[in-house]
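In this note's numbering, the protein residues as written are 80 to 753.
To keep things clear, I will list the structure first and then write my remarks on it.
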Amino acid sequence: MLDLTALNPPQRQAVSHTEGPLLILAGAGSGKTRVITYRLAHLLLNKKVPAQHLLAVTFTNKAAQEMQERLKHLAGPAAQKATISTFHSLGVRILRQQAAAAGYRRNFVIYDQHDQLTLVREIVKDRALDFAGHTAFELLGRISSAKNQGESPETFANKPNAEEMLFGDLYAHYLERTRNCNAIDFDDILLLVTNLLEQHPEVRRHYQERYRYLMVDEYQDTNSLQYRFITLLLGEHRNLCVVGDDDQAIYSWRGANPEILLRFEEHFPGARLVKLEQNYRSTQVILHAANAVIKNNRRRKAKELWSALSGGARLRILTAENENEEAEKVAGTITMRKLLDPKVRFSDFAVLVRTNFQLRPLEEAARNANLPYQLIGGTSFYERPEIRTLIAYLKVMRNPDDELSLKRALDFPKRGIGATTLLRLHQYCQQHNYNLYRAFQEAQQVGEVRSAALHAIQTFVHLIEDFRRRFRHEKLSQATQELVAQTAYLKALEEATADAKSREVKVSNVREFLGSLQRFEQTSEDPTLAGFLDRVSLISDSDYLNEKVDRAIFLTMHAAKGLEFPYVFLFGMNDGQFPSSRALESGAIEEERRLCYVAITRAQRELTLSYSTRKTRYKEVLELQPSRFIQEIPAAVLENGGTESPEQAAQRAAEEQEDLVTMLRRLRENNFKV
DNA sequence: CGTTAGAGGATTTTT
DNA sequence: TCCTCTAACG
Ligand SMILES: Nc1ncnc2c1ncn2[C@@H]1O[C@H](COP(=O)(O)OP(=O)(O)OP(=O)(O)O)[C@@H](O)[C@H]1O
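Here it is, written out as structure tokens:
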């Protein structure tokens, strides 16, 4: 039997209420995720539901993995068979099983944003579309929202506006080319899986039969396709439990719609509502600050949230002349805190930023201060160009119709095939309605290709064919190692990289990649090429978080969603940065404020806010004001706020910091000998 | 014809 | 600052 005494009464109610629709609406740190985990364990142990009938959807793979571990801890190895996954991972899994019904070949590949952008640029160029001033990035955003709203290219073709028609052209070709490549993008995952379930009752029944208890975490950030997905999976039993907090809706820019959470009782009549009001994470001081900030939002469902953790340190404010100094002070404060109290771990500290590029000054400051850190976000390992190219080879191994990857593989190492030859081959494709790989295979039939180029293409095709065979018969890591050797990949990398430092980095990245393949083979349930490619496509920055290593964590506020840390720093608390100037211009201030609420409520014990008075961007110097969110925090919870104005407190804190930083510098110059 | 060096522009947040 | 596109070189 699972012991439910580790839960408070409403939590227990939510866990025991297993049948029918259930909505858990509650503020930050009230144990929503914990309830889902216990609910899974309760269903397994007390209700004897077989694990394969359980489905829990989380926001990131990392959260899924963590829940899986907690569940295993509570319920033992039987938990392994429960499905805990993100919407996208679940979607891909279903699509692999049902590819034909979904209208794709089973070896489809997944295009990430980088691939999508390349494709958009290519189409714009090929078709000489003139989107005056609009970037590929913006166009891709429009494609994505068109897809999510179910708009077909034809709807644009018939619009009177010339630009709309142009977009219709781009959109139509984007769809055609991804399909011809047997490739799907992130939007397609949800689009295809919902269409599949809608149009194939027997498939739908199969999954409804399989998943009998459904749970969704972070339901406030669900979009309409995800909502459709979950309702399609939901059988007649209607055993759906969702948890969420409308104050933590921070993805509306990506199509998420918090109304889906708020209208749950309308969507599922007879739903039970449970509210959780005790926060177990933060001190009263921190919670008071968070509540005060979020109260400024007008569109929200007011809710109670209290903490029994009385008192607690008041919030500190650090100010600096510029971003680098700000980062230096943050790094210095962490180092100092750790020196003063060696029991504290580096990994107890998290620095949250609004945008990825704010991570850079932090990284540099941490390096200079000898502060161990891990970055979440920025460019992840698999995004590095030398790794992307290798992955392009792997994608071609799996699916030679993937033109984008084929071209990327063809392009490096250099083999004497350039734009002109490629153009000829493309023309040949269009004449015969072939795909690019077929044109490669028949290169000798294509006129006007120089003999050197022809020979190079044939060698390339042989390479691909040979390795496609090897990848079918050999272990993934083995075959990839051979591929790297055969293409003299490392040598080519070295020759192509002028800078000695980055040359070294690239080579070691490739070695690391080969190592990661071996680790993948040893640990994965599906240690195949397909399994690896899916994992790489679905992995996200937050999945890299490693709580076992003792390092301070630098990450975006978005990536911090659902996490908690004893000591939290909010970096760059300036108007224009946070709230971002874009949000201020477009009137999206409430979502920024929710983000601030999320950020503040990550802190368990201490919270520090930092801001600069100036910053440089693209060589221009900008004067900065402290964030309006700082003004929204009552002076009483700011350090010395009772006697000083926030400005005075900031001033004094700045002076103290000055001393600390100077001291630290001296210490460092002295090689840390006192 | 293919490759490379350097100018010029940009992405807020991400599954 | 990183990344893509262009122009000149070999
Ligand atoms: N009944 C309880 N007793 C003790 N600790 C609890 C209890 N419920 C939750 N906690 C603790 O409170 C913290 C927050 O829980 P959890 O992450 O589940 O909250 P949440 O509502 O999902 O938070 P958020 O919405 O901010 O992501 C965790 O450390 C958890 O272990």
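Idealized CB from N, CA, C, for every residue including glycine.
Since we're looking at a predicted model, the values are computed, not measured.
Inter-residue CB distance, residue i and residue j (contact presumed, cutoff 8 angstroms)
i: E573; j: R582; result: 6 angstroms
i: G641; j: F138; result: 6 angstroms
i: K204; j: S621; result: K204 to S621, Cβ: 34 angstroms. No contact.
i: Y623; j: N653; result: The pair is not a contact, with the Cβ atoms about 28 angstroms apart (cut-off 8 angstroms).
i: F708; j: C675; result: 5 angstroms
i: L355; j: S386; result: Not really, about 12 angstroms apart at Cβ, beyond 8 angstroms.
i: F644; j: R681; result: 6 angstroms
i: K382; j: G106; result: 5 angstroms
i: G314; j: R351; result: Not really, about 18 angstroms apart at Cβ, beyond 8 angstroms.
i: S164; j: A143; result: 5 angstroms
i: D613; j: V171; result: 6 angstroms
i: I472; j: L562; result: First, the amino acid is wrong: residue 472 is Tyr here, not Ile. Indeed, because the Cβ distance is near 6 angstroms, the residues count as touching under 8 angstroms.
i: I103; j: A369; result: Contact doesn't hold; Cβ gap of about 19 angstroms is too wide.
i: T162; j: L122; result: So it is not a contact: roughly 13 angstroms between Cβ atoms.
Ligand 1 heavy atom lying under 6 angstroms from the CB of residue i
i: G391; result: no
i: R113; result: yes
i: Y359; result: yes
i: N370; result: no
i: A107; result: yes
i: L86; result: yes
i: G641; result: yes
i: G110; result: yes
Which listed residue (the options) has its alpha carbon closest to that of residue i
i: T635; options: E626, Y646, G651, N625; result: G651
i: R78; options: D325, S331, N358, I329; result: What is shown of the chain runs 80 to 753, which leaves residue 78 out entirely.
i: P129; options: A154, A142, K141, M146; result: A154
i: H132; options: M294, A241, I536; result: M294
i: C320; options: E404, A135, E233; result: A135
i: F347; options: G99, D267, H213, R630; result: G99
i: L489; options: A406, R463, H541, H511; result: H541
i: D264; options: L102, A158, H167, R317; result: H167
i: T84; options: A105, Y117, L102, L104; result: Y117
i: V322; options: L86, D296, E338; result: D296
i: Y646; options: E217, T398, A429, L150; result: A429
i: H285; options: R256, I173, Y298, K226; result: I173
i: T566; options: R549, Q557, F539, N588; result: F539
i: T273; options: Q299, E405, H505, F308; result: F308
i: R379; options: P421, Q710, A328, L269; result: A328
i: T197; options: E405, L312, A120, D481; result: D481
i: L304; options: A531, F519, L275; result: L275
i: Q278; options: L311, E527, S530; result: L311
i: I339; options: G349, K417, Q177, Y306; result: Y306
i: V615; options: N375, S595, E242, A631; result: S595
i: D209; options: I536, L245, T695; result: L245
i: R377; options: E670, P713, L688; result: E670
i: E462; options: I103, A406, I543, N588; result: N588
i: A535; options: R548, E521, R547; result: E521
i: S231; options: T214, A241, E255, A211; result: E255
i: T576; options: E233, C508, P464, F546; result: P464
Task: At least 3 beta-carbon pairs within less than 8 angstroms: the region 249 to 265 vs the region 214 to 227 - done: Yes, since at least three Cβ pairs between the region 249 to 265 and the region 214 to 227 fall closer than 8 angstroms, the two stretches touch.
- [ ] May I ask you to verify whether the region 184 to 194 touches the region 257 to 269, counting CB pairs closer than 8 angstroms and requiring at least 3?
- [x] Judged by Cβ distances under 8 angstroms, the region 184 to 194 makes contact with the region 257 to 269, as three or more pairs qualify.
Open item on the list: Can you confirm whether the region 106 to 121 touches the region 86 to 94 when touching is taken to mean that 3 or more C-beta pairs between the two stretches lie within less than 8 angstroms?
Closed with: The region 86 to 94 vs the region 106 to 121: in contact.
Open item on the list: Assess contact between the region 116 to 128 and the region 326 to 341, defined as three or more Cβ pairs (one per stretch) separated by less than 8 angstroms. Is contact present?
Closed with: As far as the Cβ criterion goes, the region 116 to 128 does not touch the region 326 to 341, which means the pair count is below three.
Task: Three-pair Cβ contact test at 8 angstroms for the region 648 to 663 versus the region 478 to 495 - done: Touching, no, given that fewer than three Cβ pairs across the two stretches are closer than 8 angstroms.
Task: Contact between the region 354 to 372 and the region 387 to 406 (3+ Cβ pairs under 8 angstroms) - done: With three or more CB-CB distances shorter than 8 angstroms, the region 354 to 372 counts as touching the region 387 to 406.
Task: Sufficient close CB pairs (3 or more, under 8 angstroms) joining the region 443 to 461 to the region 405 to 412 - done: The region 443 to 461, when compared against the region 405 to 412, does touch it at the 8 angstroms Cβ threshold.
TODO: Determine contact between the region 609 to 619 and the region 459 to 477, defined as no fewer than three beta-carbon pairs at a distance below 8 angstroms.
DONE: Counting Cβ pairs under 8 angstroms, three or more are found: they touch.
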